[in-house]
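Trainee: Quick one: structure below, then a few questions.
Okay, here's the thing in structure tokens:
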């Protein structure tokens, strides 16, 4: 069993890279891709811990691509270099996140929901602050009951306090991930929020651009949808990936090493990537 999509406290997960490695081993995983948002900062710690536990770490990252109407995320898997042009771009995206966080807090304050930046930093620890941390503070301050409600009412795309951040253009991200030695996988394609017909056309464009594969299996999708994505991907010669998108306590419905329908993630998904 493996997992090709997970997050640590380096971005918006609730487990440190070390804790995530221990959990992966205890869960019976043989390999884990650490794919934090806009940062590779947790990878050295994960690799250091994994060596002693016999777990293979797949160096990864998750970046957002400029897109409407939904959200478009790319996974870079099997990175050989963590610096260079990709590292510089991730630093830039991190600064953009910080600026967005400040704008969100300011607007929430104007609406009578005062949140402290100091408290937000304390909540996030050493990791990169993101909307899930803001959602957590809204829960703590009893403005909402759950983090999901915070996104549905306030923070999600199209909601009253949503603020955009800098995103990469698809061709730019593809080039940089490739230059870093990674495979380029489209994460949870259904988050694009387009029709199946439109998605088919977009997939054709991805193939022309040289994208390697799609994450057909993701816990937010129904198994029937995942199987349809897999068929569409295989028809176009894409590699097919599967992940849990594990975040820990922030999203307790997601289990490490498990994807849609609670299915275990077979190591065949990693084998086809030839990493």
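In the working numbering, the protein residues as written are 270 to 544.
Each residue gets a CB set at the ideal place from its N, CA and C atoms; glycine is no exception.
Just so we're clear, the structure is a prediction, and the values are computed from it rather than from any experiment.
1. Taking residue 451 as the reference, give the member of 376, 275, 294, 304 with the closest Cα.
2. Verify whether the separation of the beta carbon atoms of residue 507 and residue 339 is less than 7 angstroms.
3. For residue 534 versus residue 511, is the C-beta distance shorter than 7 angstroms?
4. Which class does residue 336 belong to by DSSP, given the choice of helix, strand or coil?
5. The alpha helix (DSSP H) spanning residue 474 covers which residue range?
6. State the Cα-Cα distance for the pair residue 306 and residue 466, rounded to the nearest angstrom.
7. Check whether the Cβ atoms of residue 498 and residue 485 lie closer than 7 angstroms to each other.
8. Distance check for residue 478 and residue 514, CA to CA, integer angstroms please.
9. Residue 508 lies in the beta strand (DSSP E); which residues open and close that run?
10. What are the uninterrupted segments assigned as alpha helix (DSSP H) that are 4 or more residues long and contained completely in the region 369–394, given in chain order?
11. By the 10 Å Cβ neighbour count, where 16 or more other Cβ atoms means buried, how is residue 374 classified, buried or exposed?
12. Do residue 348 and residue 372 have their CB atoms nearer than 7 angstroms?
13. Since residue 308 and residue 287 are thought to touch, with beta carbons under 8 angstroms apart, how far apart are those beta carbons, to the nearest angstrom?
14. Rounded C-beta distance between residue 279 and residue 310? I'm assuming under 8 angstroms.
15. Indicate whether residue 525 and residue 293 have their beta-carbon atoms separated by less than 7 angstroms.
16. Since residue 440 and residue 332 should fall inside the 8 angstroms C-beta cutoff, what is the C-beta to C-beta distance between them, to a whole number of angstroms?
17. Tell me, please, which residues DSSP counts as bridged to residue 515.
18. Could you compute how far the alpha carbon of residue 381 sits from the alpha carbon of residue 297?
19. Expressed to the nearest angstrom, what Euclidean distance is found between the alpha-carbon atoms of residue 320 and residue 291?
20. Which partner residues does residue 413 have in the DSSP bridge list?
21. Pull the bridge partners of residue 329 from the DSSP assignment, please.
22. Can you pull the DSSP bridge partners for residue 301?
Mentor: With the structure as the only source:
1. Here residue 451 refers to the residue found at position 182 when the chain shown is read from its first residue. That would be 304, whose Cα lies nearest to the Cα of residue 451.
2. Residue mapping note: residue 507 aligns to position 238 of the chain shown, counting from 1. Residue mapping note: residue 339 aligns to position 70 of the chain shown, counting from 1. No.
3. For the purposes of this step, residue 534 is identified with residue 265 of the chain shown, where counting begins at 1. For the purposes of this step, residue 511 is identified with residue 242 of the chain shown, where counting begins at 1. Yes, the Cβ-Cβ distance between residue 534 and residue 511 is below 7 angstroms.
4. Locating residue 336 in the chain shown gives position 67, where the first residue counts as 1. Coil at residue 336, not helix or strand.
5. Numbered from 1 along the chain shown, position 205 holds the residue referred to as residue 474. Here the alpha helix (DSSP H) through residue 474 covers 465–478.
6. Here the question's residue 306 lines up with position 37 in the chain shown. Here the question's residue 466 lines up with position 197 in the chain shown. Rounded to whole angstroms, residue 306 to residue 466 spans 29 angstroms at the Cα level.
7. As a first step, residue 498 is located in the chain shown; it is residue number 229 there, counting from the start. As a first step, residue 485 is located in the chain shown; it is residue number 216 there, counting from the start. In contact: residue 498 and residue 485 (Cβ atoms closer than 7 angstroms).
8. Translated into positions along the chain shown, residue 514 becomes position 245. Translated into positions along the chain shown, residue 478 becomes position 209. Using only the alpha carbons, I get a separation of about 25 angstroms.
9. As a working note, residue 508 is residue 239 in the chain shown. That run of the beta strand (DSSP E) goes 508–511.
10. 386–393
11. Taking the chain shown and counting its residues from 1, one reaches residue 374 at position 105. Buried, by the Cβ-count rule.
12. Here residue 348 corresponds to residue number 79 of the chain shown, with the count starting at 1. Here residue 372 corresponds to residue number 103 of the chain shown, with the count starting at 1. Not closer than 7 angstroms, so no.
13. For the purposes of this step, residue 308 is identified with residue 39 of the chain shown, where counting begins at 1. For the purposes of this step, residue 287 is identified with residue 18 of the chain shown, where counting begins at 1. Not confirmed; about 16 angstroms, so no contact.
14. Start at 1 with the first residue of the chain shown, and residue 279 comes out as number 10. Start at 1 with the first residue of the chain shown, and residue 310 comes out as number 41. That belief holds up - the Cβ atoms of residue 279 and residue 310 are roughly 5 angstroms apart, short of 8 angstroms.
15. Taking the first residue of the chain shown as 1, we reach residue 525 at position 256. Taking the first residue of the chain shown as 1, we reach residue 293 at position 24. Yes. Within cutoff.
16. To locate residue 440, count along the chain shown from 1; it is residue 171. To locate residue 332, count along the chain shown from 1; it is residue 63. That belief does not hold up - the Cβ atoms of residue 440 and residue 332 are roughly 13 angstroms apart, past 8 angstroms.
17. Numbered from 1 along the chain shown, position 246 holds the residue referred to as residue 515. Per DSSP, 275.
18. Locating residue 381 in the chain shown gives position 112, where the first residue counts as 1. Locating residue 297 in the chain shown gives position 28, where the first residue counts as 1. Residue 381 and residue 297: Cα-Cα distance of roughly 46 angstroms.
19. Taking the chain shown and counting its residues from 1, the one referred to as residue 320 is at position 51. Taking the chain shown and counting its residues from 1, the one referred to as residue 291 is at position 22. Between residue 320 and residue 291, the C-alpha separation is close to 11 angstroms.
20. By one-based count along the chain shown, residue 413 stands at place 144. DSSP, once it has assigned bridges, lists no residue as partnering residue 413.
21. Here residue 329 refers to the residue found at position 60 when the chain shown is read from its first residue. For residue 329, which the question treats as bridged, DSSP gives the partners 346.
22. Reading the chain shown from its first residue, position 32 is the one you call residue 301. Answer is 272, 326.
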